[in-house]
Amino acid sequence: MTPPIVLIADLRHYEGQTVTVRGWLYDRTDKGKLQFLKVRDGSGIAQAVAFQKELPEATFNALRTLPQESSLIVTGTVRADSRAPGFPGGYEIGITAAEIIQVADAYPITPKEHGIEFLMDHRHLWVRSSRQWAILRIRATIISAIRNWLDDHGYLLVDTPIITPTAGESTTELFEVKYFDDVAYLTQTGQLYNEANMMSFGKVYCFGPTFRSEKSKTRRHLTEFWMVEPEMAFFSLEDLMEMEEQFVSAIVQRVLEKHRMELSILGRDTAPLERVVPPFPRISYDEAVELLNKLAAEASDPAQQAALRITWGNDFGAPHETALAQQFDRPVFIYHYPTAVKAFYMQPVAGRPEVCRSVDLLAPEGYGEITGGSERVHDRALLEERIAQLGLNREHYAWYLDLRRFGSVPHAGFGLGLERTVAWICGLPHVREAIPYPRMLKRTYP
RNA sequence: UCCGGAGUAGCUCAAUGGCAGAGCGGGCGGCUGUUAACCGCUAGGUUGUAGGUUCGAGUCCUACCUCCGGAGCCA
Numbered sequence: 027m028t029p030p031i032v033l034i035a036d037l038r039h040y041e042g043q044t045v046t047v048r049g050w051l052y053d054r055t056d057k058g059k060l061q062f063l064k065v066r067d068g069s070g071i072a073q074a075v076a077f078q079k080e081l082p083e084a085t086f087n088a089l090r091t092l093p094q095e096s097s098l099i100v101t102g103t104v105r106a107d108s109r110a111p112g113f114p115g116g117y118e119i120g121i122t123a124a125e126i127i128q129v130a131d132a133y134p135i136t137p138k139e140h141g142i143e144f145l146m147d148h149r150h151l152w153v154r155s156s157r158q159w160a161i162l163r164i165r166a167t168i169i170s171a172i173r174n175w176l177d178d179h180g181y182l183l184v185d186t187p188i189i190t191p192t193a194g195e196s197t198t199e200l201f202e203v204k205y206f207d208d209v210a211y212l213t214q215t216g217q218l219y220n221e222a223n224m225m226s227f228g229k230v231y232c233f234g235p236t237f238r239s240e241k242s243k244t245r246r247h248l249t250e251f252w253m254v255e256p257e258m259a260f261f262s263l264e265d266l267m268e269m270e271e272q273f274v275s276a277i278v279q280r281v282l283e284k285h286r287m288e289l290s291i292l293g294r295d296t297a298p299l300e301r302v303v304p305p306f307p308r309i310s311y312d313e314a315v316e317l318l319n320k321l322a323a324e325a326s327d328p329a330q331q332a333a334l335r336i337t338w339g340n341d342f343g344a345p346h347e348t349a350l351a352q353q354f355d356r357p358v359f360i361y362h363y364p365t366a367v368k369a370f371y372m373q374p375v376a377g378r379p380e381v382c383r384s385v386d387l388l389a390p391e392g393y394g395e396i397t398g399g400s401e402r403v404h405d406r407a408l409l410e411e412r413i414a415q416l417g418l419n420r421e422h423y424a425w426y427l428d429l430r431r432f433g434s435v436p437h438a439g440f441g442l443g444l445e446r447t448v449a450w451i452c453g454l455p456h457v458r459e460a461i462p463y464p465r466m467l468k469r470t471y472p
């Protein structure tokens, strides 16, 4: 009888049985007449043990010289052994037969340490490493948690275009593309289209790649990143914060349910993630400025004092966000930012137009802004005034202004940066590991 | 764009202005319970590029290139 082909993740269900596993050689320890092979198959990593006297000489010798990442099919008996390494581990395969598919060339990524440039140049191979494997599995779960939560709560996925005629927000950070005899731009947000779609479906979201040609070189920036943007009719800023905290908590809790193993591979302390449940603290921009200046006054280091001190009206920098987030044990909302530092479509606060109905959500542990959103201006005259004030080309926004002519309603929405969320939940030092093939200022390869 | 740092073997790094080295990886050999195994042998170099100083430069000087970290900007 042909043994069943099984996944390493399911090995524990086959104790005592003979099974076949198909995959790649992750690592090998040669002990002479005994060899330990770590085999990975996409679902996990398991140890397979080869004894010289239990195998044909040709098979044993072939395994003995097999390089890392060679592809192979092994058949053997599953046994429980607490010494067996791997993910999930605890079970190993006593090899009775093996077939080598391809003998790999010398594999560049060894079990020792490597520099980031080397790893990024070999990203197409690096994705096989257990740490990257864990991150990308969690990323996939975060994506499905985002979609499932929105789908289950009455939001309709409505795709927005990637090639756009004009800027969504600012003009400096657009990637220009040749569009026949004209120019067009890669999208930096689906929001304006979301506002049109929201008028048809009530609650909508778009979820796709966005592009920013910012010359940013920090651990929080990519030039191509994924963003989910919900937009809701008849939503106030308070409705928005309530929705966001439910949404973000659900994503984090879903990862905790499904990925204890991956989080442990990453060495992620899960205690801060366990605390991500509603309600999240809410502080106004005014309060945040006051808090930062108080922290600056209390700081002993002069450099720290300078980094934290802030004048009302300025936007927060990375050190400000980190310091603010450190004051709380879960994500914190900062609302009512100065109108001048935010986009033209954000609704001014009634009776206090110098601040607007905007809200950012700062992740804990120094991961910074993971969402940014607002109530939108729904009055046509005010929107026209804002467009004129900022010197934007009114013609480009004709269709957007139409939305204020035909049944305009108060509404709100936000964008959540996928890679920053993945980096935060996984505890990564840099967003470049949070996406399979990062696009950055200095990298488009591979 | 600005500030700082680094470019030496396939990788990670040493080397006082005086013979360019180690560990890992590769190759050969040994080892029946390894967890980044261990032991022996072995091959492997235009020291980022171009100039300069010097009897002599990986090391000092100038320019450039590349990457990394941070800032600004942002999700």
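Residue 149 in my numbering sits at position 123 of the first sequence, with consecutive numbering throughout. Glycine is no exception: its CB is placed at the ideal position from the N, C-alpha and C atoms. Treat the numbers as computed from the prediction; the structure is a model and nothing was measured.
Beta-carbon contacts of residue i that lie in its chain and below 7 Å, excluding the five residues immediately before and after
i	result
Phe86	Ala76 and Gln78
Thr296	Leu282 and Leu289
Cβ pair residue i, residue j closer than 8 Å
i	j	result
Pro93	Ala130	yes
Thr186	Gly228	no
Val65	Val32	no
Gly441	Met267	no
Ile34	Val448	no
His437	Glu221	yes
Val104	Gly42	yes
Tyr231	Pro256	yes
Ile126	Val281	no
Arg294	Arg446	no
Glu401	Gln373	yes
Thr249	Leu388	no
Pro379	Arg356	no
Ala110	Gln73	yes
Leu318	Ile336	yes
Glu270	Thr470	no
Arg383	Leu263	yes
Phe354	Val385	no
Inter-residue spacing [alpha-carbon to alpha-carbon] between residue i and residue j
i	j	result
Lys241	Pro191	22 Å
Phe233	Phe201	19 Å
Asp53	Pro307	47 Å
Asn174	Ala276	10 Å
Glu288	Ile164	7 Å
Pro29	Pro464	41 Å
Ala460	Ile172	16 Å
Gln352	Lys243	23 Å
Ile119	Ala344	50 Å
Phe62	Arg286	26 Å
Ala123	Leu51	15 Å
Pro472	Leu151	10 Å
Ile169	Phe113	23 Å
Arg430	Val403	9 Å
Glu395	Pro462	21 Å
Ala349	Ala323	13 Å
Span of the alpha helix (DSSP H), counted from its first residue to its last, around residue i
i	result
Gln330	Pro328 to Leu334
Glu250	Unbroken run through Glu250 is the beta strand (DSSP E), Glu250 to Ala259; no alpha helix (DSSP H).
Ser290	Arg286 to Ile291
His346	Ala344 to Gln352
Close beta carbons around residue i, own chain, < 8 Å, minus the five adjacent residues each side
i	result
Glu199	Gln214, Arg238, Ser239 and Glu240
Asp265	Met258 and Ala438
Gln128	Ser96 and Ser97
Val278	Leu299, Val302 and Ile451
Limits of the beta strand (DSSP E) - the one that residue i falls within
i	result
Val358	Val358 to Tyr361
Lys229	Lys229 to Phe237
Phe77	Ile71 to Phe77
Arg54	Thr44 to Asp56
Tyr205	Glu202 to Tyr205
Glu380	Arg378 to Cys382
Tyr117	Tyr117 to Gln128
Proximal residues to residue i (C-beta, below 6 Å), its chain only, five neighbours per side dropped
i	result
Leu182	Phe227 and Val230
Thr55	Phe62
Between the segment 353 to 366 and the segment 311 to 318, can you find at least three pairs of beta-carbon atoms closer than 8 Å?
The segment 311 to 318, when compared against the segment 353 to 366, does touch it at the 8 Å Cβ threshold.
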